[in-house]
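J.: Below is a structure I'd like to ask you about.
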Amino acid sequence: MKPNVLARGIVDSDLDYWSLRVTVLDRDRIGADFLGETRIALRKLPLGVTKKFNLYLEHAMPTPLEKPIQEERGKLLLSVCYNIQQGSLFVTIKRCVELLGMDATGFSDPYCKVSLTPLASKAHRQKTAIKKRTLNPEFNETMQFLVPFKDLPKKTLAIGVYDYGGIVLSTAAPGERGRQWQHVIENPGKTFEYWHKLESDG
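Each residue of the sequence shown is one higher than the last, beginning at 1 in full-length UniProt numbering.
Right, here's the structure in full:
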């Protein structure tokens, strides 16, 4: 078996973040059993050179006594800025990478919902356009939320990528999610851009 796969639209800046994911299935008349998978970081691939890898499969099917393995759900590139003059929070959904295939073709139709809570108006809940048949959607959509600057520390920014998972930014959020939100609050007028791993519970 020597399948050839051609991926288009990859630029140099993607090489630091993207990886090639290979999933092995045992398919029969009943369905497909997951045997394992492996990943190769694109930054390990020399440009214009064919390279062979001998890799072990990871995440083999658990036995009935084992707990299911938490599967990575992809990553989201998010840009956030508060503009004092306009009294608005600007949220830009840039793109997602390495989303899970959700349909029979191995692709999906992802989109994002963004909410600023507690909700002060219907305009504090917005969504992106749907991107057809892709696991690496480019959104580049900016949303504006009118909110007083003094209220920002009490707000929570929730972003759901459907149907994969999401993230929540707030002063109480752990790691990079809390750090990005804190930077926005402490530095109005500046834009902060972070990559975040999607989580099943946001």
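Using N, Cα and C, we set each Cβ at its ideal position, and we do this for glycine too. No experiment lies behind these values; they were computed from the predicted model shown.
Helix, strand or coil for Ala-123 per DSSP?
T.: Ala-123 falls in the helix class under three-state DSSP.
J.: Quick one: what does DSSP say Asp-26 is sitting in, helix, strand or coil?
T.: DSSP places Asp-26 in strand when its eight states are reduced to three.
J.: Quick one: using the 10 Å Cβ neighbour count with 16 as the cut-off for buried, is Ser-108 buried or exposed?
T.: Classification for Ser-108: buried.
J.: Going by C-alpha distance, which of Lys-113, Val-49, Ile-84, Glu-138 is nearest Lys-127?
T.: Answer by Cα proximity: Lys-113.
J.: If you draw a straight line from the alpha carbon of Glu-66 to that of Pro-46, how long is it in whole angstroms?
T.: The pLDDT assigned to Glu-66 is 44, lower than 50, so where the model puts this residue is not dependable; a value taken from the coordinates is nonetheless given after this. Computed Cα separation, rounded: 38 Å.
J.: CA-CA distance, Leu-20 and Lys-94?
T.: Distance between the alpha carbons of Leu-20 and Lys-94 is about 21 Å.
J.: Are there 16 or more other CB atoms within 10 angstroms of the CB of Val-161, so buried, or fewer, so exposed?
T.: Flag for Val-161 reads buried.
J.: Whose CA, out of Glu-176, Ala-129, Leu-89, lies closest to the CA of Leu-116?
T.: Closest option to Leu-116, Cα to Cα, is Leu-89.
J.: Only counting the same chain, and skipping five residues up and downstream in sequence, which positions put a Cβ closer than 7 Å to that of His-196?
T.: Within the same chain, His-196 has close Cβ partners Lys-75, Leu-76, Leu-78, Ile-167, Glu-176, Arg-177.
J.: If you follow the beta strand (DSSP E) that Trp-195 is in, where does it begin and where does it stop?
T.: 192–197 is the span of the beta strand (DSSP E), which, as asked, contains Trp-195.
J.: Taking the straight line between their C-alpha atoms, what separation do you get for Lys-155 and Ala-123?
T.: So the two alpha carbons sit approximately 15 Å from each other.
J.: Taking C-beta to C-beta, are Leu-198 and Arg-73 nearer than 7 Å?
T.: Contact flag set, yes.
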